[in-house]
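Residue numbers (our numbering), protein chains in the order written: chain X, 1 to 405; chain P, 1 to 290.
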Amino acid sequence: MMKRRVLLSAAATGLLATPMIWRQAGAQTVVGVTKTEIKIGHTIPYSGPASAYGSGGKGHTGFWKMINSQGGVNGRKINFISLDDGYSPPKTVEQVRRLVEQDEVACLFNPLGTPNNSAIQKYVNQKKVPTLFVATGADKWGDYKNFPWIMGWAPSYQIEAQIYANHISKIKPNAKVALIYQNDDFGKDYPLGLKAAWGAQYDKFIVKALTYEVTDATIDSQVVSLRDSGADTLITVATPKFAAQMIRKVYDIGWKPLHFLSNVSASAGTVLIPAGAEKGIGIITATYGKDPTDPTWANDKGMNEWRAFMKQNLPEADMLDTSYVYSYGVCLTMLQTLRQCGDDLSRENIMRQAANLKDLDIPTVLPGIKVNTSPTNYHPMRHMQLSNWTGTSWSLFGDLIEGAG
Amino acid sequence: MDGVLHQVFSGIASGGIYASIALALVMIFTATHHVNFAQGEMAMFSTYIALTLIEAGVPYWGAFVITIVFAMVVGTIVQKILMEPLMNAPVLASVGVFIGLLFIFNSVAGWIFTYTLKPFPTPFGEGGPLLGGFFSRHELGSTAITVVVLFSVWAFFRFTSLGLAMRAAAFNPVSSRLVGVPVATMLALGWGLASGIGAIAGMMVAPIVFLDPNMMGGVLLYAFAGALLGGITNPLGAVLGGFLVGIIENLGGAYIVGTELKLSLALIIIVAVLTLKPAGLFGKVLASRV
């Protein structure tokens with residue numbers, strides 16, 4: 001009986017939710033938009049191995065709730081539908097198809113994961129669904145020629161790699177560089193970025209490049225091989241668990257290279273401190289966002305705005321989790337896009353406005369970094385700044401550096 | 001040459017990890033004739049219990065003992081509630097339960113303890129590397145613990161009547177029951193002991209790979225390859241197999257197949273052993289008379 005009632009009510013909701021689709025002249029497709037509502041779809045792992053990222057989704061939900069309580073955008077409330085994909089690409093495809101075909105969302109916002117977005121890339125492009133500011137740093141989201149319906153947000157991994165390469169060329173022109181990267185789309189972007197920056201010199205700089213698999217139990221063997229190559233500089237491109245192993249093993253075997261660590265693992269709370277805070281002293285990373293642990297931003301206006309948002313909308317959340325800082329910034333970018341759309345919320349115009357952001361200031365990214373897009377620039381952010389680990393926190397140094405990406 | 005030596009020693013160190021989990025697999029196989037795929041996840045869960053106790057102020061070895069007891073109780077309960085009703089069901093049904101357990105322990109651990117990486121303390125002291133920089137204190141200490149567990153398991157099965165009864169219960173439940181062996185109790189005990197050994201393994205592995213709910217994902221497959229290589233009925237063989245897999249993985253990864261194919265190497269070992277010498281290098285060939 002219970003079951004039937006649930007089924008019935010589910011069916012009723014489905015009927016009521018039947019969306020309005022109409023086509024206007026000039027091939028304008030308006031889907032998921034009514035006089036009072038804009039429907040936005042989202043996927044993120046709330047369960048499974050990568051569910052640590054799930055806090056980003058909670059941040060988004062809190063953000064749109066806040067916007068709705070302030071009256072929404074252009075008189076319309078945001079109906080934000082956030083689904084769990086467990087970080088499994090086939091599941092992402094299933095959920096995105098559901099969002100596009102059943103819920104009929106106006107656009108997709110910030111689906112998370114490189115493999116996950118790779119799995120939906122062709123589909124959303126073919127269906128011409130704006131897939132905006134995806135939560136992955138792979139460079140391919142900047143491919144406006146072949147995939148004009150999907151766009152990234154944060155500076156890409158290749159831009160980050162170029163910044164490391166240029167810094168090495170500048171301060172250590174005779175460096176012997178060892179590189180280790182995760183053997184997937186995320187990791188492979190770094191050698192590409194290094195090659196883009198160094199060109200023919202790549203082979204001169206890199207004395208040893210190794211990969212690891214996420215299934216490896218440890219990466220000790222790789223560390224030993226890298227040290228035996230005689231390298232004096234190390235670039236570690238790893239997810240948190242392996243980054244922490246790397247930092248500890250390098251320290252334990254008494255190797256003291258100039259150590260660069262990919263931004264995704266440059267988290268004090270989840271990598272540097274578990275690995276042993278003093279073991280990572282001197283590690284360099286490149287960053288674009290303000291770190292909530294960095295004392296520099298203790299009284300920063302932008303971060304205070306974020307703190308106020310958190311306090312009001314997500315009082316239970318962990319304030320050291322950088323996912324929430326990220327969430328606030330990327331949501332503001334989406335909000336600006338919707339505001340620019342005005343009353344024309346066709347998919348075409350949403351995409352057009354997303355590719356027409358000019359000098360947008362985001363309070364949670366470093367001063368001087370502005371969001372800029374155009375029909376031929378799908379990399380909203382291209383600047384990063386180097387930062388080194390002091391043993392207690394990250395400390396920024398040097399100027400903002402622009403990647404060519 | 002120095003490089004090769006380093007790889008061998010680093011392989012022995014990771015082999016120690018595989019060996020300790022391989023032992024738990026041998027334990028459960030000897031006691032039930034099943035390979036429990038959730039063994040690694042149960043070990044991970046126990047390790048979280050240990051960490052919670054240590055953070056609450058319990059001294060390391062106190063937490064160590066409490067965790068083992070806890071793990072044994074959980075193992076026994078799981079057997080009583082989930083496995084006993086399936087005693088006469090086809091093997092596939094059990095496999096389904098094992099995989100279900102794997103997901104349950106993984107998700108529950110993530111739910112309770114979050115997915116954030118946590119450091120786990122070592123009882124052997126931090127200190128510098130020993131033996132010319134080849135081993136850390138923890139790697140030496142945990143290898144010693146693995147050897148102690150190994151001999152306990154071996155002696156238990158070899159010299160105690162309880163061990164003999166357990167082997168009999170797994171080998172031929174019907175005949176065992178006829179001669180008065182309480183088969184159900186023996187199976188539950190086997191689960192308990194395997195779970196306890198898994199807990200020890202978890203506490204020895206966590207300081208090396210860091211504690212998170214997916215800590216055992218990669219380890220279990222290598223451990224399984226090790227257990228098969230040495231012989232899944234033979235504790236000593238499984239431990240040697242674990243060490244061998246560690247060394248083969250490192251040397252193969254560094255000099256032969258490249259780091260991309262390290263996992264494939266483990267799978268090749270599994271397939272090769274199962275087709276060429278199913279009993280493993282040191283295992284006894286079993287013939288079951290019914």
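Ideal Cβ positions, reconstructed from N, Cα and C, are used throughout, including at glycine.
Since we're looking at a predicted model, the values are computed, not measured.
Helix, strand or coil for Gln312/X? Go by DSSP, reduced to three states.
Locating residue 312/X in the first sequence gives position 312, where the first residue counts as 1. In the structure shown, Gln312/X sits in a helix (DSSP, three-state: H, G or I).
Give the residues from the region 219-244 of chain X that approach chain P closer than 7 Å (Cβ to any Cβ), ordered along the chain.
Under the 7 Å Cβ criterion, the region 219-244 of chain X contributes Asp220, Ser221, Gln222, Val224, Ser225, Asp228, Pro240, Lys241 and Ala244.
Using a Cβ-Cβ cut-off of 7 Å, state whether Asp216/X counts as contacting chain P.
Residue 216/X sits at position 216 when you count from the first residue of the first sequence. It does; some Cβ of chain P falls within 7 Å.
DSSP on Val330/X, reduced to helix/strand/coil?
As a position in the first sequence, residue 330/X is number 330, starting the count at 1. Three-state result, Val330/X: helix.
Under the DSSP definition of a beta bridge, which residues are partnered with Trp394/X?
Here residue 394/X is taken as the residue at index 394 of the first sequence, counted from 1. Paired residues: Trp389/X.
Anything in the region 251-273 of chain X with a Cβ closer than 9 Å to a Cβ of chain P? List those residues in chain order, please.
So the close ones are Asp252, Ile253, Gly254, Gly269, Thr270, Val271 and Ile273.
Decide yes or no for the touch test of the region 361-377 of chain X against the region 298-316 of chain X: beta carbon pairs closer than 8 Å, at least 3 of them.
The region 361-377 of chain X, when compared against the region 298-316 of chain X, does touch it at the 8 Å Cβ threshold.
Any idea what DSSP makes of Val250/X, helix, strand or coil?
The sequence position of residue 250/X within the first sequence is 250, counting from 1. Helix.
Take every Cβ of the region 375-392 of chain X, pair it with every Cβ of the region 102-121 of chain P, and state whether three or more of those distances are shorter than 8 Å.
These segments do not touch.
Beta-carbon of His6/P versus every beta-carbon of chain X: anything under 7 Å?
Mapped onto the second sequence, residue 6/P falls at position 6. At least one chain X Cβ lies under 7 Å of His6/P.
In the DSSP assignment, find the unbroken beta strand (DSSP E) run with His6/P in it and report its ends.
Stepping through the second sequence from its first residue, residue 6/P is reached at position 6. Element bounds for His6/P: not the beta strand (DSSP E) but the alpha helix (DSSP H), Asp2 to Thr32.
Sort out for me which residues DSSP pairs Ala178/X with in a bridge.
Residue mapping note: residue 178/X aligns to position 178 of the first sequence, counting from 1. According to DSSP, Ala178/X bridges with Lys208/X and Leu234/X.
Rank Ser10/P, Met27/P, Gly3/P and Gly242/P by C-alpha distance to the C-alpha of Trp191/P and give the top, closest one.
Translated into positions along the second sequence, residue 191/P becomes position 191. The option with the nearest alpha carbon to Trp191/P is Met27/P.
Mapping DSSP to helix, strand and coil, what is Ile145/P?
On the second sequence, residue 145/P is found 145 positions in, with the first residue counted as 1. In the structure shown, Ile145/P adopts helical secondary structure according to DSSP, grouped into three states.
In chain X, which residues lie less than 7 Å from Asn250/P when you measure between Cβ atoms?
Here residue 250/P refers to the residue found at position 250 when the second sequence is read from its first residue. Here the neighbours are Ser221.
Within 7 Å of chain X by C-beta, residues of the region 36-60 of chain P in sequence order:
Considering only beta carbons, no part of the region 36-60 of chain P lies closer than 7 Å to chain X.
On the CB-based measure, 16 or more other CB atoms within 10 Å of its CB, does Ile40/X come out buried or exposed?
Locating residue 40/X in the first sequence gives position 40, where the first residue counts as 1. With 16 or more other Cβ atoms within 10 Å, it is buried.
Who are the neighbours of Thr211/X on chain P, taking C-beta pairs under 9 Å?
Residue mapping note: residue 211/X aligns to position 211 of the first sequence, counting from 1. Listed along the chain, the chain P residues whose CB falls inside 9 Å of the CB of Thr211/X are Gly258, Thr259 and Glu260.
Length of the line joining the Cα atoms of Pro182/P and Met83/P
To locate residue 182/P, count along the second sequence from 1; it is residue 182. To locate residue 83/P, count along the second sequence from 1; it is residue 83. In a straight line, the C-alpha of Pro182/P is about 16 Å away from that of Met83/P.
Does Gly277/X have its Cβ less than 7 Å from a Cβ in chain P?
Within the first sequence, numbered from 1, the residue matching residue 277/X stands at position 277. As written in the sequence, residue 277/X is Ala, which differs from the Gly given in the question. For Ala277/X, the answer is no, since every Cβ of chain P falls outside 7 Å of its Cβ.
Taking the alpha-carbon of Asp318/X as reference, which of Thr293/X, Thr333/X, Gly187/X and Arg76/X has the nearest alpha-carbon?
Reading the first sequence from its first residue, position 318 is the one you call residue 318/X. For the residues Thr293/X, Thr333/X, Gly187/X and Arg76/X, the minimum Cα distance to Asp318/X belongs to Thr293/X.
Is Gln70/X helix, strand or coil by DSSP?
Working through the first sequence from its first residue, we reach residue 70/X at position 70. If DSSP states are grouped into helix, strand and coil, Gln70/X belongs with coil.
Exposure of Leu5/P, with buried meaning 16 or more beta-carbon neighbours within 10 Å:
Position 5 of the second sequence, counting from 1, holds the residue named residue 5/P. Answer is exposed; the Cβ neighbour count stays below 16.
Could you check whether the region 209-229 of chain P touches the region 15-24 of chain P, counting it as contact only if at least three pairs of C-beta atoms, one from each stretch, sit closer than 8 Å?
Yes, the region 209-229 of chain P is in contact with the region 15-24 of chain P.
Tell whether a beta-carbon distance below 7 Å holds between Ile219/X and Tyr288/X.
Reading the first sequence from its first residue, position 219 is the one you call residue 219/X. Reading the first sequence from its first residue, position 288 is the one you call residue 288/X. Annotated as distal: Ile219/X and Tyr288/X, with beta-carbon spacing of 7 Å or more.
Here's the rule: buried if 16 or more other CB atoms are within 10 angstroms of the residue's CB, otherwise exposed. What is Pro130/X?
As a first step, residue 130/X must be located in the first sequence, where it is residue number 130. Buried, since its Cβ has 16 or more Cβ neighbours within 10 Å.
Assuming Val96/X contacts Arg347/X (C-beta within less than 8 Å), just tell me the rounded distance between them.
By one-based count along the first sequence, residue 96/X stands at place 96. By one-based count along the first sequence, residue 347/X stands at place 347. Your pair Val96/X and Arg347/X does not check out as a contact, with CB atoms roughly 15 Å apart and the cut at 8 Å.
Nearest to Asp189/X by alpha carbon, out of Gly329/X, Gly137/X, Met384/X and Gly280/X?
Stepping through the first sequence from its first residue, residue 189/X is reached at position 189. Comparing Cα positions, the closest option is Gly137/X.
Under the DSSP definition of a beta bridge, which residues are partnered with Leu211/P?
In the second sequence, counting from the first residue as 1, residue 211/P sits at position 211. Leu211/P pairs with Lys118/P.
Under three-state DSSP, which class holds Arg382/X?
If you number the first sequence from 1, residue 382/X lands on position 382. Arg382/X carries a coil assignment under DSSP once its states are collapsed to helix, strand and coil.
For Val30/X, the first and last residue of its enclosing beta strand (DSSP E):
Translated into the one-based positions of the first sequence, residue 30/X becomes position 30. Note, Val30/X: beta strand (DSSP E), Gln28 to Val31.
Which residue spans inside the region 52-117 of chain X form an unbroken alpha helix (DSSP H) run of at least 4?
Along the region 52-117 of chain X, the alpha helix (DSSP H) occurs as fully enclosed runs of 4 or more residues at 55-69 and 89-97, listed in sequence order.
Mind checking if Asn116/X is an interface residue toward chain P, Cβ cutoff 7 Å exclusive?
Translated into the one-based positions of the first sequence, residue 116/X becomes position 116. Between Asn116/X and chain P, the shortest Cβ-Cβ separation is not below 7 Å.
Mapping DSSP to helix, strand and coil, what is Leu281/P?
Along the second sequence, read from residue 1 onward, the residue named residue 281/P stands at position 281. Leu281/P: coil per DSSP, three-state reduction.
Use the C-beta contact count for Lys311/X: other C-beta atoms within 10 angstroms, 16 or more gives buried, fewer gives exposed.
Position 311 of the first sequence, counted from the first residue, corresponds to residue 311/X. With fewer than 16 Cβ atoms within 10 Å of its Cβ, Lys311/X is classed as exposed.
Note down, in chain order, every chain X residue with its Cβ under 8 Å from the Cβ of Leu117/P.
Translated into the one-based positions of the second sequence, residue 117/P becomes position 117. In chain order: Pro240, Lys241, Ala244, Thr270, Val271 and Pro274.
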